[in-house]
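Line by line, the protein sequences are chains Y and R. Its first residue numbered 1, the first sequence is counted upward by one per residue in the working numbering. Its first residue numbered 1001, the second sequence is counted upward by one per residue in the working numbering. Inspection log for the structure reproduced underneath, given as structure tokens.
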Amino acid sequence: MFLTAPWLSLEAQAPGNAVLTLAPSTRLTIQRGGSADFSLKAELQPGFHVNSNMPGDDYLIPIKLTWNKDPLEAEQVTYPKAQTEKLSFSANPISVYTGSFEIGTHFKAPTGAMPGMAFMNGKLRYQACNNKECLPPRTLDVRVTLDIQ
Amino acid sequence: MSKTVSAIGVTLVLASALLGAGCSKQRQAKQGNRKPAPEFSLKDANGQTVHLSDYKGKVVLLDFWATWCGPCKVEIPWFMDFESQFKNQGFAVLGVSMDEDGWAAIKPYVQDRKMNYRVLLGNDQVSTSYGGLDALPTTLLIDRDGNIASVHEGITMGKEEFKNAIVRLLDSPSARIPVVSHGALALLRSPGPR
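Here it is, written out as structure tokens:
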């Protein structure tokens, strides 16, 4: 069974003066043995970018969403299409995200998953810059509230 | 080290304390208000321990940077030129890398770019003593007495402005030059003795 749950309960926000914030969302309902899609919505302050998952420069830190191994299986993480931008500090265009973007995850619930409320925890690592400066890499905790049926 | 760099919601007030001046994106320091740059003890690529106090008597450009920092790439060639041009006049550039991956990341980068100035590996302690380093690059100009003449968070001025500021410090070892400070300058706690 495939349940689409585009907006789930997400309990992670960027701390302090972070330039990237994560949107709160609704609960993810998933059937045991089934699957569901989750979309993590992020928004950057104007003027900032984060490197995409494939920034095209070994020195740059890619954005990366990872999940714990249970109670669901994260079968696939899908990153949005990146923008290719020529920035003042780069000899070659680099692959970045700006503004609002969403990272998808296709979850599968094991048939033996315990029904009821649960949480799926993950981490989003990113590194943001603007034309003048870079902020240190950050790792945000991501938590999705699950209703496993 | 990301904690290092990110820690600290240091306020402009701290930078103000450092510079002995109020905080805004452009400000001139008052005469006699420079504060000592915090001492540190860091390793260079050869494993040699380097203290900031080793450079007392020289004008020092202290650059906090990282290999993942795009804007830092812009300034590095400038600083290489300054090192070449002024090293015989009592000037030195020190690049303190805040890379989490340490020398494994730094050495190839330094070699690729043929960086001609001394590079050190930063740590939590130096980050904290310099106020948390909210953003990179963060560059300080330090006078011959070991006092902070200016702090620049991000790319705040061009190569010629940097050069002019260095020349003024070199020409007037004990004089105060106008300070241009930009950005959050989330830098310094009460500076320790140097």
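Glycine residues also receive a C-beta, built at the ideal position from the N, C-alpha and C atoms.
When you compare the CB positions of Y/Ser35 and Y/His106, do they come within less than 8 Å of one another, or not? Along the first sequence, one-based indexing puts residue 35 of chain Y at 35. Along the first sequence, one-based indexing puts residue 106 of chain Y at 106. Contact: yes.
Backbone secondary structure at R/Gln1085 - three-state DSSP: What you label residue 1085 of chain R is simply residue 85 of the second sequence in a count that begins at 1. Three-state DSSP puts R/Gln1085 in a helix.
If you measure beta-carbon to beta-carbon, which residues of the region 1072-1105 of chain R are closer than 8 Å to chain Y? Residues passing the 8 Å Cβ filter: Cys1072, Lys1073, Val1074, Met1098, Glu1100, Ala1105.
Anyone know if the C-beta pair for Y/Glu133 and R/Pro1071 falls short of 8 Å? By 1-based counting over the first sequence, the position of residue 133 of chain Y is 133. By 1-based counting over the second sequence, the position of residue 1071 of chain R is 71. Cβ distance < 8 Å, so Y/Glu133 and R/Pro1071 count as in contact.
So, Y/Ser88 versus Y/Asn130, is the Cβ gap smaller than 8 Å? By one-based count along the first sequence, residue 88 of chain Y stands at place 88. By one-based count along the first sequence, residue 130 of chain Y stands at place 130. Taking 8 Å as the Cβ cut-off, Y/Ser88 and Y/Asn130 do not qualify as a contacting pair.
Cross-chain neighbours of Y/Gln127 in chain R, by beta carbon under 8 Å: Here residue 127 of chain Y corresponds to residue number 127 of the first sequence, with the count starting at 1. Here the neighbours are Trp1068.
If the cut is a Cβ gap below 8 Å, which residues of chain R does Y/Asn53 touch? Looking up residue 53 of chain Y in the first sequence gives position 53. Listed along chain R, no residue sits closer than 8 Å to Y/Asn53 by beta-carbon distance, the nearest being about 15 Å off.
So Y/Lys81 contacts chain R; which residues on that side make the cut at Cβ distance below 8 Å? Counting from one through the first sequence, the residue named residue 81 of chain Y turns up at place 81. The premise fails here: Y/Lys81 is roughly 21 Å from chain R at the closest Cβ pair, so nothing lies under 8 Å.
Range covered by the alpha helix (DSSP H) that runs through R/Asp1124: On the second sequence, position 124 is the one that residue 1124 of chain R refers to. Segment 1124-1129, the alpha helix (DSSP H) holding R/Asp1124.
Chain-ordered neighbours of Y/Ser90 on chain R, where CB pairs are closer than 7 Å: Walking along the first sequence from the start, residue 90 of chain Y turns up at place 90. Here the neighbours are Gly1070.
Using a cut-off of 8 Å between C-beta atoms, extract the partners of Y/Lys132 located in chain R. Here the question's residue 132 of chain Y lines up with position 132 in the first sequence. Those within 8 Å of Y/Lys132 in chain R are Pro1071, Gly1154, Ile1155, Thr1156, Gly1183.
Nearest-angstrom Cα distance between R/Gln1028 and R/Ser1172? Here residue 1028 of chain R refers to the residue found at position 28 of the second sequence. Here residue 1172 of chain R refers to the residue found at position 172 of the second sequence. At R/Gln1028, the pLDDT of 35 sits below 50, so the modelled position is not reliable and the matter cannot be decided from this model.
Under a Cβ-count criterion, where at least 16 other Cβ atoms within 10 Å of its own Cβ denotes burial, should Y/Gly47 be classed as buried or exposed? In the first sequence, residue 47 of chain Y corresponds to position 47, counting from 1. By the neighbour-count rule (16 or more Cβ atoms within 10 Å), Y/Gly47 is not buried but exposed.
Could you tell me which chain Y residues have their CB closer than 7 Å to the CB of R/Leu1136, listed as they occur along the chain? The residue you call residue 1136 of chain R lines up with position 136 of the second sequence. Near R/Leu1136 (Cβ distances below 7 Å), the residues of chain Y are Glu133, Cys134.
State the beta-bridge partners of Y/Trp67 as determined by DSSP. Numbered from its first residue, the first sequence carries residue 67 of chain Y at position 67. According to DSSP, Y/Trp67 bridges with Y/Gly122.
Rounded to whole angstroms, what's the CA-CA distance from R/Ala1045 to R/Gln1111? Just pull it up for me. For the purposes of this step, residue 1045 of chain R is identified with residue 45 of the second sequence, where counting begins at 1. For the purposes of this step, residue 1111 of chain R is identified with residue 111 of the second sequence, where counting begins at 1. In a straight line, the C-alpha of R/Ala1045 is about 11 Å away from that of R/Gln1111.
Distance CB(R/Val1059)-CB(R/Leu1136) smaller than 8 Å: If you number the second sequence from 1, residue 1059 of chain R lands on position 59. If you number the second sequence from 1, residue 1136 of chain R lands on position 136. No. Outside cutoff.
Kindly list the residues whose CB is nearer than 6 Å to the CB of Y/Asp58, restricted to its own chain and excluding five residues on each side of it in sequence; keep chain order. What you label residue 58 of chain Y is simply residue 58 of the first sequence in a count that begins at 1. Within the same chain, Y/Asp58 has no close Cβ partners at all.
Beta-carbon proximity check, Y/Thr98 vs Y/Leu44, cutoff 8 Å: On the first sequence, position 98 is the one that residue 98 of chain Y refers to. On the first sequence, position 44 is the one that residue 44 of chain Y refers to. In terms of Cβ geometry, Y/Thr98 and Y/Leu44 form a close pair [threshold 8 Å].
Note down, in chain order, all residues in the region 48-78 of chain Y with a beta-carbon under 8 Å from any beta-carbon belonging to chain R. The region 48-78 of chain Y vs chain R, Cβ under 8 Å: Tyr59, Leu60, Ile61.
Taking only beta-carbon atoms, is R/Tyr1130 less than 8 Å away from chain Y? Here the question's residue 1130 of chain R lines up with position 130 in the second sequence. Interface with chain Y (8 Å Cβ-Cβ cutoff): R/Tyr1130 is excluded.
Excluding the 5 residues preceding and the 5 following Y/Ala18 in the sequence, name in chain order all residues of the same chain whose CB lies nearer than 7 Å to its CB. On the first sequence, position 18 is the one that residue 18 of chain Y refers to. Closer than 7 Å at Cβ, skipping near neighbours: Arg138.
Y/Leu44 at chain R interface by Cβ criterion, 8 Å: Position 44 of the first sequence, counting from 1, holds the residue named residue 44 of chain Y. Chain R contact via Cβ: absent.
So R/Ala1105 is in the beta strand (DSSP E); what residue range does that whole segment cover? To locate residue 1105 of chain R, count along the second sequence from 1; it is residue 105. Premise fails: R/Ala1105 lies in the alpha helix (DSSP H), 1103-1112, not in any beta strand (DSSP E).
Taking the alpha carbon of R/Lys1073 as the point to measure from, which residue in R/Ile1166, R/Lys1159, R/Leu1121 has its own alpha carbon closest? Your numbering for residue 1073 of chain R matches position 73 in the second sequence. Out of R/Ile1166, R/Lys1159, R/Leu1121, R/Lys1159 has the C-alpha closest to the C-alpha of R/Lys1073.
Among residues of its own chain, excluding the 5 on either side of Y/Met120, which ones have a beta-carbon nearer than 6 Å to its beta-carbon? What you label residue 120 of chain Y is simply residue 120 of the first sequence in a count that begins at 1. Here the set comprises Leu72, Val144, Leu146.
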